[in-house]
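To keep things clear, I will list the structure first and then write my remarks on it.
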Amino acid sequence: MRAVTCASFSTDSSVKKPTFNEVVDKAANLFFLGEIARATWLAWEIHTQRKSTINYPFEKGQLSPRFRGEHALRRYPSGEERCIACKLCEAICPAQAITIEAEPREDGARRTTRYDIDMTKCIYCGFCQEACPVDAIVEGPNFEFATETHEELLYDKAKLLANGDKWEFEIAHNLSVEQLYR
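This is the structure:
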């Protein structure tokens, strides 16, 4: 049987052993070259992606059905106001932005005589919409309601009903889509 012997390596004095600083420099160069290659690849991927910028205001992005925009009071298809003056929205509003006054109707039910929302106080939390048992007060899809004066942001019942009439189709669609989650 043969014995296995270790190979002997000769130490040649002509081969220079690298110093610690040279090893660190070479490792850093390799690392940074790798990082530059990764950054170049990432920049190329981003450059070839489809652009996500839209030409606002001529193009509009999609809004979630749960988007909370400008408030609106809704009506039944018969034209009667949905609000039953239960004042739950007024009670739950953390900003105390809603003011409601009511009076009894001829048939014994209540109706609102005054429904005001101070939009400068509103924090768009959606509690009023969630508290309403008949979906009378909703936050619609309109987010473009900037004004020049403070008084224009004090919404009365007529303004809220006009918003509801204007956005009824979108509001009804959003509520039907969201119905499973309410």
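Under our numbering, the first residue of the sequence shown is numbered 1, with each subsequent residue one higher.
A virtual CB, placed ideally from N, CA and C, is assigned to each residue, including glycine.
Please read these numbers as outputs of a predicted model, since none were measured by experiment.
Under the three-state DSSP convention, the category residue i falls into
i             : result
isoleucine 84 : coil
aspartate 165 : helix
arginine 38   : helix
valine 177    : helix
valine 23     : helix
CA nearest to the CA of residue i, picked from the options
i              : options                          : result
alanine 85     : Asn55, Gly69, Pro18 and Lys157   : Lys157
arginine 105   : Leu175, Glu130, Cys83 and Met119 : Cys83
lysine 121     : Glu144, Cys89, Gly108 and Leu154 : Leu154
glutamate 170  : Ala39, His71 and Lys26           : His71
tryptophan 167 : Thr19, Arg74 and Glu178          : Arg74
threonine 112  : Cys125, Ile137 and Thr19         : Ile137
glycine 69     : Asp116, Leu180 and Asn174        : Asn174
glutamate 130  : Ala146, Asp25, Glu178 and Phe32  : Glu178
asparagine 163 : Val24, Pro141, Thr19 and Pro94   : Pro141
tyrosine 115   : Phe127, Thr99, Lys16 and Gln49   : Thr99
Rounded C-alpha distance that separates residue i from residue j
i                : j                : result
arginine 38      : phenylalanine 58 : 37 Å
proline 65       : tryptophan 41    : 37 Å
isoleucine 92    : arginine 182     : 17 Å
glycine 61       : lysine 51        : 13 Å
leucine 161      : glycine 108      : 23 Å
serine 176       : aspartate 135    : 11 Å
cysteine 89      : isoleucine 46    : 47 Å
phenylalanine 32 : threonine 19     : 20 Å
threonine 48     : proline 77       : 50 Å
lysine 17        : alanine 43       : 39 Å
Beta-carbon separation (whole angstroms), residue i vs residue j, contact threshold 8 Å
i             : j            : result
glutamate 144 : tyrosine 124 : About 14 Å; that fails the 8 Å criterion.
alanine 97    : arginine 110 : 21 Å between Cβ atoms; not a contact.
Secondary structure, beta strand (DSSP E): runs of 3+ residues fully inside the region 42 to 95: Secondary structure in the region 42 to 95: the beta strand (DSSP E) runs of 3 residues or longer, each lying completely within the stretch, are 71 to 73 in chain order.
Extract the residue ranges of the alpha helix (DSSP H) inside the region 96 to 169, only unbroken runs of 4 or more that lie entirely within it. Annotation note: the region 96 to 169 contains the following uninterrupted alpha helix (DSSP H) runs of length 4 or greater, listed N- to C-terminal: 127 to 131.
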